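A.B. asks: Input: one structure, supplied below.
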Amino acid sequence: SSSNLGTDTSKSDFKGDITKTSFVFQFSPQYYFNLISKEYFNFYSGVGLLFAYGFSNETNKNSSLDTYSTNFYSYSNTNSKKYDLGLLCFVGIEGKINDNLGIFSEIELKGGKSWSNYDRQSEQTFIPNSGSHFFTESSEEKWFYELSKVRLGVYILL
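As structure tokens, this is what we get:
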């Protein structure tokens, strides 16, 4: 009688690196007016314009070498840009603790038009067999609206 025990001695060396950078710039000039104004209490509302720009870049690099001498390499770079133009309106309540210090709570509704651009370049290579390159580009226009969460804050007048 004989016994055959199999042992998998394969191993793989995998390396990966992801780099991501993003930022958003938003500018919103606003006009507000008091609906009810008391000595230590204000109920207010307002309107404003919304201008926003966002950018994101992500690079992903992976490589692998296994015991069967198959090398694998992948690379992708993704860029996205987004522009928003719209209007916002808000209501809030403010409590004055003293002449220089107060607390407030606001809720905001905003809406407008959004434009976004997206491009992705990717490469995958299996050595010694084959490789492939891809480039994808797309853009999108859409209307948006958003009811923000309640915002709480403290203000200090100097």
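In terms of our numbering, the sequence shown opens at residue 8 and continues consecutively.
Cβ atoms here follow ideal geometry from the backbone N, Cα and C, with glycine treated the same way.
Quantities reported herein were computed from a predicted structural model and do not represent experimental measurements.
(1) Can you tell me which of PHE111, LYS27, ASP106 and LEU159 puts its alpha carbon nearest to the alpha carbon of TYR51?
(2) If I follow the unbroken beta strand (DSSP E) through TYR82, where does it start and stop?
(3) Label LYS149 either buried or exposed according to how many other C-beta atoms from any shown protein chain fall within 10 Å of its C-beta, with 16 as the threshold for buried.
(4) Which residues in the same chain have their Cβ closer than 6 angstroms to the Cβ of TYR152, if we skip the five residues on either side of it in sequence?
(5) Is the number of C-beta pairs between the region 126 to 141 and the region 93 to 102 that are closer than 8 angstroms three or more?
(6) Whole angstroms is fine: what's the gap from ILE104's alpha carbon to LYS45's?
(7) Where in the region 23 to 60 do unbroken runs of the beta strand (DSSP E), each at least 3 residues long, occur, reported from the N-terminal end onward?
(8) When the Cα of TYR60 is compared with those of GLN33, PHE40 and SER83, which residue comes out closest?
(9) When burial is assigned at 16 or more other CB atoms within 10 Å of the CB, is ASP91 buried or exposed?
(10) Which of the three DSSP states, helix, strand or coil, is assigned to VAL161?
(11) Rounded to whole angstroms, what is the Cα-Cα separation between TYR80 and GLU147?
(12) Output the distance between the C-alpha atoms of VAL161 and GLU113, rounded to the nearest integer angstrom.
(13) Reducing DSSP to helix, strand and coil, say where THR143 ends up.
(14) Starting from LYS166, trace the beta strand (DSSP E) both ways and give me its first and last residue.
(15) Would you identify the three-state DSSP class for LYS156, choosing helix, strand or coil?
(16) Give me the Cα-Cα distance between LEU101 and LEU57, rounded to the nearest whole angstrom.
C.D. replies: Walking through what the data contain:
(1) PHE111
(2) 78 to 103
(3) exposed
(4) GLY118
(5) no
(6) 13 angstroms
(7) 37 to 45
(8) GLN33
(9) buried
(10) strand
(11) 31 angstroms
(12) 12 angstroms
(13) strand
(14) Since the displayed the chain opens at 8 and closes at 165, residue 166 lies outside it and no answer follows.
(15) coil
(16) Looking at the sequence itself, residue 101 is Glu, so the reference to Leu does not match. So the alpha carbons of these two residues sit roughly 23 angstroms apart.
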